[in-house]
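There are 2 protein chains.
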Amino acid sequence: MTTLYSYFRSSASYRVRIALNIKGVAYETAAVHLLNQGGEQLLPAFTQLNPHALVPVLADQGKLLTQSMAMLEYLDERYPTPSLLPGDAFARAHIRELSLAIACEIHPLNNLRVLRYLKHTLAVDEAQKTAWIQHWIKLGFTALEQQLAADTTRGHFCVGDAPTMADCFLIPQIFNARRFDVDMAPYPTLCAIEAACNALPAFEQAHPAQQPDAA
Amino acid sequence: MTTLYSYFRSSASYRVRIALNIKGVAYETAAVHLLNQGGEQLLPAFTQLNPHALVPVLADQGKLLTQSMAMLEYLDERYPTPSLLPGDAFARAHIRELSLAIACEIHPLNNLRVLRYLKHTLAVDEAQKTAWIQHWIKLGFTALEQQLAADTTRGHFCVGDAPTMADCFLIPQIFNARRFDVDMAPYPTLCAIEAACNALPAFEQAHPAQQPDAA
Chain X
51 MTTLYSYFRS
61 SASYRVRIAL
71 NIKGVAYETA
81 AVHLLNQGGE
91 QLLPAFTQLN
101 PHALVPVLAD
111 QGKLLTQSMA
121 MLEYLDERYP
131 TPSLLPGDAF
141 ARAHIRELSL
151 AIACEIHPLN
161 NLRVLRYLKH
171 TLAVDEAQKT
181 AWIQHWIKLG
191 FTALEQQLAA
201 DTTRGHFCVG
211 DAPTMADCFL
221 IPQIFNARRF
231 DVDMAPYPTL
241 CAIEAACNAL
251 PAFEQAHPAQ
261 QPDAA
Chain L
51 MTTLYSYFRS
61 SASYRVRIAL
71 NIKGVAYETA
81 AVHLLNQGGE
91 QLLPAFTQLN
101 PHALVPVLAD
111 QGKLLTQSMA
121 MLEYLDERYP
131 TPSLLPGDAF
141 ARAHIRELSL
151 AIACEIHPLN
161 NLRVLRYLKH
171 TLAVDEAQKT
181 AWIQHWIKLG
191 FTALEQQLAA
201 DTTRGHFCVG
211 DAPTMADCFL
221 IPQIFNARRF
231 DVDMAPYPTL
241 CAIEAACNAL
251 PAFEQAHPAQ
261 QPDAA
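From first to last, the protein sequence lines are chains X and L. Note that the first sequence covers residues 51 to 265 in the working numbering. Note that the second sequence covers residues 51 to 265 in the working numbering.
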């Protein structure tokens, strides 16, 4: 039995849902509402699963994992086909570097708890908060667009003609970008990959709006 | 020939130096000074290597890689012994989740360009900046301490009695914490692991002070 503790709009949860769907792994969703009761992820019932107080958490075979990228690596080792990391060591590292450019350079800066710190501790107003969110997305997307546009290993997807780990990271980040009104016109390569991904049931069924806890 | 484009005090560069040393891979350092000339990482000579304008970059066998964690995975696949990710799929994922708790939840928030945005765009003063840096380190370390203290797979190192990828991430983050005067007393488990790591030549020789570009 596999359970994903997640929040429908959490970008990191969305990544893992895509991977579970690509692998064809049946799972249950345990909804953790990030806004109810000041954040259910901060309550003891959840922090005993993950002291970092962050979704998602993956429960599989009686064990718990935190960190979405660790979950994707785990799923890829446990269910090797179809591979999220095809190719030789360098090709695999390339898929990971694209994933990490989102996981490390964009997403953490726009995490809920960071936005709360900006607002409550640094008294940043709504316009400044939106500018902050957009700034880090645009900075990361500009570099990713340049990297992917020039990349001879790119196909319909970030790497080749089947989805890899990199697409599992890119699509939730584009969803986030659109949610925060980032103009996607400067990123035609990213948008073409988005269209290819969202045509697949694995991505479609992982979309926030399709989740049992969707608002 | 292997070249690491790095900055002596960059936490992400420090991780890769440790891994290269553990694997016994000879490499050259190409220094990229993050403060000279407004930041050498922002100059075309560097951004043509990495459009994300971030160190480190690893050049190996005529190919380039960005993102320190992708480099560590690559080195571990290319030079399997000693392994940075020993064990079964779950054990490997556990090492990665510890690494990612630092790579995604602590380090990106205290990156130079983030601190610059806080100062120049949000007019945050020095005291607020220091409080920001310390806040994210303490938040992450508190959860890591709890996680590792309770972890039956922990040994002298984060996992077991030999260094893994997780130690390559932890030690540079502790170096950073000390640099920003974070009181380490609440984290005895992390400090014990730090002592075990720093007794090894692979860690010692990767220390910022030992680098050719050290100030």
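Backbone N, C-alpha and C define an ideal beta-carbon position, used for all residues, glycine too.
For Y55 of chain X, the enclosing beta strand (DSSP E) stretches over residues 52-56. Of all C-beta pairs linking the stretch 129-148 of chain X to the stretch 78-98 of chain X, fewer than three are shorter than 8 Å, placing the two stretches out of contact. Burial check for R204 of chain X: the Cβ neighbour count within 10 Å reaches 16 or more, so the residue is buried. Remark: C-beta atoms of E147 of chain L and T116 of chain X approach each other more closely than 7 Å.
Within the stretch 227-241 of chain X, no residue places its CB atom closer than 8 Å to a CB of chain L. Put simply, the CB of M51 of chain X is far from chain L, with every gap to its CB atoms at 7 Å or more. Cβ neighbours of R67 of chain X within its own chain (closer than 8 Å, five residues either side excluded): L54, S56, Q255, A256, Q261. The alpha carbon of N248 of chain L has as its nearest neighbour, out of L:V232, L:P238, L:P213, the alpha carbon of L:P213. Assignment of T214 of chain L by DSSP, reduced to helix, strand and coil, places it in the coil class. When the alpha-carbon of R142 of chain X is set against those of X:T239, X:P238, X:G210, X:A235, the nearest one is in X:G210. The alpha carbon of L122 of chain L has as its nearest neighbour, out of L:A153, L:T97, L:A139, the alpha carbon of L:A153. Per DSSP, the continuous beta strand (DSSP E) segment holding E78 of chain X begins and ends at 78-81. Residue pairing by DSSP puts R204 of chain X in a beta bridge opposite X:G210. Note on geometry: alpha-carbon atoms of D138 of chain X and L114 of chain L lie some 14 Å from one another. Neighbours of A151 of chain L in chain X, taken as residues at a C-beta separation under 8 Å, are given in chain order as H102, T116, Q117.
Straight-line measurement puts the Cα of Q178 of chain L at about 46 Å from the Cα of Y129 of chain X. Contacts with chain L at 7 Å (Cβ-Cβ) do not include C218 of chain X.
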